[in-house]
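Peer 1: The numbering used here applies: residue 224 is where the sequence shown begins, and numbers increase by one.
Ideal Cβ placement from N, Cα and C applies to all residues, glycine included.
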Amino acid sequence: VVCVESNFDPAAVSKAGAVGLMQIMPANFTEFRLHDPYNPRANIMAGARYLKSLLDRYDNNLELSLAAYNAGPTAVEHYNGVPPYAETQTYIKRVMGRYAKFKKSEGKS
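1. Measuring alpha carbon to alpha carbon, tell me which residue in 253, 313, 233 and 256 is nearest residue 289.
2. Output the distance between the C-alpha atoms of residue 291 and residue 281, rounded to the nearest integer angstrom.
3. Ordered along the chain, which non-local residues of its own chain (more than five positions away) have a Cβ less than 7 Å from that of residue 317?
4. Please name the residue or residues paired with residue 247 in a DSSP beta bridge.
5. Among the residues of its own chain, which have a CB less than 7 Å from the CB of residue 256, if the five just before and after it don't count?
6. Assign residue 243 to one of two classes, buried (16 or more other C-beta atoms within 10 Å of its C-beta) or exposed (fewer than that).
7. Which value, in whole angstroms, describes the spacing of the CA atoms of residue 330 and residue 293?
8. Can you name the start and end residues of the alpha helix (DSSP H) that residue 295 belongs to?
9. For residue 298 and residue 286, what's the separation of their Cα atoms in angstroms?
10. Mapping the DSSP letters down to three states, classify residue 236 as helix, strand or coil.
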């Protein structure tokens, strides 16, 4: 998620205003206890809390959780699944591709 969201840039700010490594929206700072969005550790912890909340919400369905991370839970619920947004569909493919590469390399020592 960090790679796709910010390309590992802790100072990243999106056009929509999302901030830091995990690209947390300012509206979520309080809920996920993010006091300094540019602090890498704090940003990753907040993003992990948010992603965990989405995994809980969508019964550990990673694709839906990633869709909600990108497009928001309202969009996922409106479409009763992954929204038909090209950006969100590309986002899921990119994150899942990075995840697959990580899992494959994890098995090698």
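Peer 2: According to the structure shown:
1. 313
2. 9 Å
3. 227
4. 242
5. 269
6. Of the residues assessed, residue 243 falls on the buried side of the cut-off, its CB having 16 or more other CB atoms within 10 angstroms.
7. 29 Å
8. Taken as a continuous stretch (DSSP letters only), residue 295 belongs to no alpha helix (DSSP H), as it is neither H nor E.
9. The straight-line gap separating the alpha-carbon atoms of residue 298 and residue 286 is approximately 14 Å.
10. strand
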